[in-house]
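J.: Pasting a structure here, questions to come.
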Amino acid sequence: MNIEKNNMKGELLHSRFLNDHGIGILMRIKHHEEGRTFNAYQILAQALDIPTLEEMVRKNIFFLPMYSPASISAVQIPESSIVISFDIHFIIKIGCLHTVAVLLHEIGHTMNPNANWMTDEFYADDFVISHHFKDQLLEMLDYGIINFPETYNKPITYDRISRIKNL
Ligand SMILES: [Zn+2]
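Here is the structure:
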């Protein structure tokens, strides 16, 4: 990948964050591979292609960090926007590649052209898989069932898992 393309992706992704704090946290979450160190922000930028990032700009899709159990942010966004919020404490806990998988899933929802984009888990899962984070997605679904059973110990989660395994 050439530097110009990387710079453009970096700028487009940067413009999607409602404050720099979220970027700073993603940059602190590291992944080590073959003697090199990457961070979650770099890996997310690398995973997304320019058309997807441009669509995120067109659709007013933004990222907003939050701190569990609750936090406030002062932001200015266009009237019709989609905000992907992520819990800073949680992503630090799950680590770099799983954070990217989780964010890709949410981006996948927003890329779904159908009316049921918010509830179509399969489409969002396929987006993650097409970006090569299938293993991390499966691990996060297992994690959800164990750690957040009231949300994830449901038939839809098991349907998602068996569907992904059979792809
Ligand atoms: Zn989802």
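Here the sequence shown stands for residues 81 to 247, where the numbers follow our numbering. Glycine included, every Cβ here is placed at the ideal spot set by N, Cα and C. Keep in mind that this is a model prediction, so the values were computed, not measured.
Assuming Asn119 contacts Leu106 (C-beta within less than 8 Å), just tell me the rounded distance between them.
T.: 7 Å
J.: Below 7 Å, is the gap between the Cβ of Ala204 and the nearest heavy atom of ligand 1?
T.: Correct: Ala204 has its Cβ closer than 7 Å to ligand 1.
J.: Glu219: beta carbon under 7 Å from a heavy atom of ligand 1?
T.: no
J.: Taking 7 Å as the cut-off, does the CB of His189 come closer than this to any heavy atom belonging to ligand 1?
T.: yes
J.: Distance, Cα to Cα, Thr237 vs Lys89?
T.: If I take the Cα positions, the gap works out to 32 Å.
J.: In angstroms with no decimal places, state the Cα-to-Cα distance between Ile162 and Tyr147.
T.: 19 Å
J.: Does the beta-carbon of His185, which I'm using as the reference point, lie nearer than 7 Å to any heavy atom of ligand 1?
T.: It does: the Cβ of His185 is within 7 Å (strictly closer) of some heavy atom of ligand 1.
J.: Could you tell me the boundaries of the beta strand (DSSP E) in which Asp167 lies?
T.: Taken as a continuous stretch (DSSP letters only), the beta strand (DSSP E) holding Asp167 covers Ile162 to Asp167.
J.: Excluding the five sequence neighbours on either side, which residues of its own chain have a C-beta within less than 7 Å of the C-beta of Val137, listed in chain order?
T.: For Val137, the CB contacts under 7 Å within the same chain, skipping 5 residues up- and downstream, are Leu92 and Ser95 in chain order.
J.: Report whether the distance from the Cβ of Glu134 to the nearest heavy atom of ligand 1 is below 7 Å.
T.: no
J.: Report the three-state DSSP secondary structure of His111 (helix, strand or coil).
T.: strand
J.: Once DSSP output is grouped into helix, strand and coil, what is the label at Ile141?
T.: strand
J.: Touching or not, the stretch 150-169 and the stretch 209-219, by the rule of three or more beta carbon pairs under 8 Å?
T.: no
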